[in-house]
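Asker: Okay, handing you the structure first.
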Amino acid sequence: MSKTNPGNYFEDFTLGQVIEHATPRTITEGDRALYTALYPTRFAIPSSAEFAASVGLDPHPVEELIGFHVAFGKTVPDVSLNAVANLGYAECRFHRPVVPGDTLRTSSEVIGLKQNSNGKTGVVYVRSTATNQRGEVAIDWARWVMVHKRDQDAPAPETVVPELTDAVAAEDLVIPDGLDFTGYDFAAAGEPHRWDDYEVGEKIDHVDGVTLTDPEHMLATRLWQNTAKVHFNTEARPDGTRLVYGGHVISMARALSFNGLANAQLIAAINAGAHTAPALAGDTVYAWSEVLDKADVDAPGVGALRLRLVATKGRDESMMLRTEDGKYAEGVLLDLDYWALAPQA
Amino acid sequence: MSKTNPGNYFEDFTLGQVIEHATPRTITEGDRALYTALYPTRFAIPSSAEFAASVGLDPHPVEELIGFHVAFGKTVPDVSLNAVANLGYAECRFHRPVVPGDTLRTSSEVIGLKQNSNGKTGVVYVRSTATNQRGEVAIDWARWVMVHKRDQDAPAPETVVPELTDAVAAEDLVIPDGLDFTGYDFAAAGEPHRWDDYEVGEKIDHVDGVTLTDPEHMLATRLWQNTAKVHFNTEARPDGTRLVYGGHVISMARALSFNGLANAQLIAAINAGAHTAPALAGDTVYAWSEVLDKADVDAPGVGALRLRLVATKGRDESMMLRTEDGKYAEGVLLDLDYWALAPQA
Amino acid sequence: MSKTNPGNYFEDFTLGQVIEHATPRTITEGDRALYTALYPTRFAIPSSAEFAASVGLDPHPVEELIGFHVAFGKTVPDVSLNAVANLGYAECRFHRPVVPGDTLRTSSEVIGLKQNSNGKTGVVYVRSTATNQRGEVAIDWARWVMVHKRDQDAPAPETVVPELTDAVAAEDLVIPDGLDFTGYDFAAAGEPHRWDDYEVGEKIDHVDGVTLTDPEHMLATRLWQNTAKVHFNTEARPDGTRLVYGGHVISMARALSFNGLANAQLIAAINAGAHTAPALAGDTVYAWSEVLDKADVDAPGVGALRLRLVATKGRDESMMLRTEDGKYAEGVLLDLDYWALAPQA
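Below, the structure written as structure tokens:
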């Protein structure tokens, strides 16, 4: 019998089931350097240990998306190896900064199941939790994927669809212990704009673009130990292209957003994310943001900005998300809704 | 007179000669991160400091092949710059884990010489030893290469061909101090299969494939400070291709073997290796393994598996090593014979 | 109003103005590993913590050009985002080794201004200083760039052109505290040639070549947080090529110069640098050096070599810098004049 991982099929999941994902992964300064090499990030907190300490963060946190990609990558072999589609995620909260030396492991609980009417596939809802070496929660999130059935004649489970919020409520955001933006150094951070300067509804064209290459997205995706075949193997897709991991586009867009959102320093939550079109090597990725909401939070000098981050293939100075018929506009690759923490004044 | 390194020719080697190779190299967490980005490795020991400590390995070892590639790379400028062919290696043992902060240096002793009958080339046998900053042996191995003569009229040395074993005997394997697999966490490691579950003769198709690119193999090869021209310079080969460093294929295949051999955690020895065909960018590398032998070793819960690791260009589900005439089957890139350590039960 | 950085135009600069550049950046072991992966460097001091300590350098310095690229990259958004041309740099001195854990920040003072006669552009001279987390100077240098005017009718400032030296005088070189080459291990360093063996006027062909790729130069340029569009975006230049960052060519040539200058270990100063032609992916970069001067310095066993480092597209064994009409010879990419420190005898 084969010793290789066949992945789980729809009927392998049961409500309440808890899956411990392999393999735990220790975060290092090497991850920080590679992240800097892969994405044009210049956010002052992950870039500078001195800056981080000056706002109360010591030891020196890595970019939040490093933790997210690593934690998320762990779930792939068990949850989405046989996925037809990644349908969405929600309620992702960053509970504490991840720092070099932290070892992350991820487990998932099945919180919903719904067989599709065609009898061939079903939707699996999981809540995943990444914990560090002290057993503290680092990141958690909900996610739902459409998965093949192994046997179409297998009986359908009772349908349970979890209630998930559209967005993490501002009062549920976890603010890192000790975070204090009252002495924030705007010159060092790169832009003068503070939380006060952003208005709900405001859009920001981040101007810069980066043309994707295959070696770079493969390096990134492996770094997160995400081993989905389509990212690496030109024989895995009929047209011989390698699909760019969606997280690569998230990180690219987030880094590009520095130009206009340099002070939206820390990601506190991801409310929702849609990968609306495939990205491939040769595509030039641009980004724009929209301020969706603002909220006070309970930390000195800190405010929360709810932002829509949109990645596009080719620059769209009109910053159009959807066409009149409600579909995503051509060129939109990513529609990400998240909360960031910024200096208030 | 030129100050650049002309490399050594056959007549520059003498029996018993010891060559101190430049330059020592300190291993860091950056190497671990880059290795993870370059190869789809997920073995729990190098991935997680917590997992490593739980099996008795603290500080946190890096992948054994990092040490091997670095140590091997040192020998290239002195031993194989003028090589016609790398003929083989044998008796490679890993004496202790390499951890960040270790500085490796390599020296080689000439243990055999044999001029070829054409008078133009000869075979040089060396035993190379990599030591750490405390002078302890980290890795040693024997290797033989065919090297050009500078002067065809130079007299042939006495022929001495060392006796090298086909495989390191199980009782000669060095088990890392403190290694203890009795509390091994199979869920964290990613697969349930233990040493007991593998049978001699069993073959495992590792399923996944990775398409090679030039930037990636160049990054890897430079990381090991291996500067052989053919890997980097499109003007160095008539067809303008860059030859992929054989060690890149070893690491790729080893990482792919996680899928089916996740618990073959530590490489204890390399018995033999043949690079049977060149690998180039665009090739999609797959791997399969065969269990050649099993042995008890003197450490709690630890068993040794002798494995043949075969890398192929394109997937060969038939897992055929050689054709009926004894030649390597088409598509075979690498035939590596090694010992790994696995949890026994 | 746009929140993104429009960059500074000629009339935004005033004599004596001091600009604090964003964002500070902490150097890590990850940077060392990536540098090793990106360039074929084998210099013993940055490669080996043991070797570095043996010549008095502990903690373990990173390659000087890591500090230079990071410090320089900081100035791009403020100084050269609207540059027509980078005209030159001078008087760059390395005041102390940069080690992992150091956080560099850069500020620039405007030391000269000269509007061009066309009224459309002007030359801005700045002296930039990178300091570490203790406020100590790590690197400083002068640089001049031609920048667009925003408004051609804006009045011209008084012309001030600073006096800059052709080369840092040997007595002004800063020697790292504690540097002592009296016990220098030439075998470990890789070559027997010492300061005494080099003669003024001597040229060295470094033999080896590396073919450039887009992913590699983008990884490098991002690592230094240099975000000039032309390096990353195929839509930023009419021909769809990505221009290779000049610093990538400097580092490549410097690394190639190991073969013949392995003991020119530490860069103490950069006297001048000209990027004489664009470099693109597919170009094969070679290097040669010329000894311009030699000087004693005040440290045990240490001598200074003033070197011209020339990078070429394609190998030029004749090592011709300029044609008879005084122009740079075809294929010359870089003409860099620097001081290195070598063991004297």
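Residue numbers (my numbering), protein chains in the order written: chain A, 45 to 389; chain B, 45 to 389; chain C, 45 to 389. Quick reminder that beta carbons are idealized off the backbone N, C-alpha and C, glycines included.
So, is the C-beta of ASN270 of chain A closer than 8 Å to a C-beta in chain C?
Answerer: It does not; no Cβ of chain C falls within 8 Å.
Asker: Can you tell me whether LYS273 of chain B is helix, strand or coil according to DSSP?
Answerer: Three-state result, LYS273 of chain B: helix.
Asker: To the nearest angstrom, how far is it from the Cα of GLY358 of chain B to the Cα of ALA321 of chain A?
Answerer: Approximately 29 Å, taken between the alpha carbons.
Asker: Whole angstroms is fine: what's the gap from THR72 of chain A's alpha carbon to THR80 of chain C's?
Answerer: In a straight line, the C-alpha of THR72 of chain A is about 17 Å away from that of THR80 of chain C.
Asker: With burial defined as no fewer than 16 other Cβ atoms inside 10 Å of the residue's Cβ, what is the status of ARG366 of chain C: buried or exposed?
Answerer: ARG366 of chain C should be labelled exposed.
Asker: Assuming PHE54 of chain B and THR203 of chain B are in contact, meaning their beta carbons sit under 8 Å apart, how far apart are those beta carbons, in whole angstroms?
Answerer: Between THR203 of chain B and PHE54 of chain B the Cβ distance is about 12 Å, and since that is not below 8 Å, they are no contact.
Asker: How would you call ARG286 of chain A, buried or exposed, if buried means at least 16 neighbouring beta carbons within 10 angstroms?
Answerer: When all chains shown are included, ARG286 of chain A counts as buried.
Asker: Quick one: list the residues of chain C neighbouring LEU125 of chain B, beta-carbon separation under 7 Å, in chain order.
Answerer: The premise fails here: LEU125 of chain B is roughly 11 Å from chain C at the closest Cβ pair, so nothing lies under 7 Å.
Asker: Please state whether the Cβ-Cβ distance between GLN61 of chain A and ARG238 of chain A is less than 8 Å.
Answerer: No; because the gap between Cβ atoms is not below 8 Å, this pair is not in contact.
Asker: Report the neighbours of ALA348 of chain C on chain B: residues whose CB is nearer than 8 Å to its CB, in chain order.
Answerer: Simply none; closest approach about 18 Å.
Asker: How about ALA174 of chain C and ALA264 of chain C: do their beta carbons lie closer than 8 Å?
Answerer: It is not a contact, given that the beta carbons lie outside the stated cut-off.
Asker: Note down, in chain order, each residue of its chain lying with its Cβ closer than 8 Å to the Cβ of LEU378 of chain B, except the 5 sequence neighbours on either side.
Answerer: Closer than 8 Å at the Cβ level, and outside the excluded window around LEU378 of chain B, lie GLY290, VAL293, ILE294, ALA297, GLY317, ALA318, HIS319, THR320, LEU353, VAL354 and ALA355.
Asker: Assuming the contact rule is C-beta atoms closer than 8 Å, PRO90 of chain B and PRO105 of chain B should be a hit. Round their C-beta distance to whole Å, please.
Answerer: About 6 Å separates the two Cβ atoms, so the contact holds.
Asker: So ALA88 of chain B and GLN269 of chain B are supposed to be a Cβ contact under 8 Å. How far apart are they, rounded?
Answerer: Actually they are not in contact, since the Cβ atoms of ALA88 of chain B and GLN269 of chain B sit about 28 Å apart, beyond 8 Å.
Asker: Which value, in whole angstroms, describes the spacing of the CA atoms of LEU59 of chain A and GLU246 of chain B?
Answerer: Rounded to whole angstroms, LEU59 of chain A to GLU246 of chain B spans 37 Å at the Cα level.
Asker: Taking the straight line between their C-alpha atoms, what separation do you get for GLN196 of chain A and LYS158 of chain A?
Answerer: The alpha-carbon atoms of GLN196 of chain A and LYS158 of chain A are separated by roughly 14 Å.
Asker: Can you tell me which residues form a DSSP beta bridge with THR70 of chain B?
Answerer: Paired residues: B:THR147.
Asker: Could you give the DSSP three-state label for ARG194 of chain C: helix, strand or coil?
Answerer: Three-state result, ARG194 of chain C: coil.
Asker: Can you tell which of A:PHE302, A:PRO259 and A:THR328 has its C-alpha closest to the C-alpha of GLU107 of chain A?
Answerer: The shortest Cα separation from GLU107 of chain A among A:PHE302, A:PRO259 and A:THR328 belongs to A:PHE302.
Asker: From A:PRO206, A:VAL254 and A:PHE276, pick the residue whose C-alpha is nearest to that of MET262 of chain A; which is it?
Answerer: Ranking the options by Cα distance to MET262 of chain A, first place goes to A:PHE276.
Asker: Which word fits GLY227 of chain B, buried or exposed, when buried means at least 16 other C-beta atoms lie within 10 angstroms of its C-beta?
Answerer: Exposed.
Asker: Closer than 7 Å by beta-carbon distance: list the chain C residues that pair up with PRO68 of chain B, in chain order.
Answerer: The answer, in chain order, is ALA88, SER91, SER92, GLU94, PHE95 and ALA232.
Asker: State yes or no: is the C-beta of GLY51 of chain B within less than 8 Å of the C-beta of LEU125 of chain B?
Answerer: In contact: GLY51 of chain B and LEU125 of chain B (Cβ atoms closer than 8 Å).
Asker: Give the single residue among B:ASN130, B:VAL251 and B:ARG178 whose Cα lies nearest to the Cα of GLU361 of chain B.
Answerer: Closest option to GLU361 of chain B, Cα to Cα, is B:VAL251.
Asker: How many Å lie between LYS18 of chain A and LEU349 of chain B at the Cα?
Answerer: In the structure displayed, chain A extends from 45 to 389; residue 18 of chain A sits before or after that span and is not available.
Asker: Is ALA389 of chain B close to chain A, meaning its C-beta is less than 8 Å from at least one C-beta of that chain?
Answerer: Chain A, which has no Cβ nearer than 8 Å to the Cβ of ALA389 of chain B, makes this no.
Asker: For the region 275–298 of chain B, which residues have a CB atom closer than 8 Å to at least one CB atom of chain C, in sequence order?
Answerer: The residues in question are PHE276, ASN277, THR278, GLU279, ALA280 and ARG286.
Asker: Residues of chain C with a CB under 7 Å from the CB of ASP258 of chain B: which are they?
Answerer: Under the 7 Å cutoff, chain C gives THR257.
Asker: Quick check: what's the CA-CA separation for ASP146 of chain A versus THR70 of chain A?
Answerer: Those two C-alpha atoms are separated by around 6 Å.
Asker: Going by DSSP, what residues sit across from LYS118 of chain B in a beta bridge?
Answerer: Per DSSP, none; premise fails for LYS118 of chain B.
Asker: In chain order, what residues of the same chain lie with their CB nearer than 6 Å to the CB of PHE230 of chain B, ignoring the 5 residues before and after it?
Answerer: Only PRO236 meet the Cβ criterion.
Asker: In chain order, what are the residue ranges of uninterrupted beta strand (DSSP E) at least 3 long that sit wholly in the region 252–319 of chain B?
Answerer: Counting only runs of 3 or more, we get 310–319.
Asker: Counting only Cβ-Cβ distances shorter than 7 Å, please list the residues of the region 71–82 of chain C near chain A, keeping chain order.
Answerer: Answer set for the region 71–82 of chain C: THR72, GLU73, GLY74, ASP75, ALA77 and LEU78.
Asker: Report the start-end ranges of each beta strand (DSSP E) in the region 322–363 of chain A that is 3 residues or longer and not cut off at the edges.
Answerer: Those beta strand (DSSP E) runs which fall completely within the region 322–363 of chain A and span 3+ residues are 328–340 and 346–357.
Asker: Along the chain, where does the alpha helix (DSSP H) containing ILE248 of chain A start, and where does it finish?
Answerer: That residue, ILE248 of chain A, is in no alpha helix (DSSP H); its beta strand (DSSP E) goes 247–249.
Asker: Buried or exposed, going by whether 16 or more other CB atoms sit within 10 Å of the CB of ALA129 of chain B?
Answerer: Label assigned to ALA129 of chain B: exposed.
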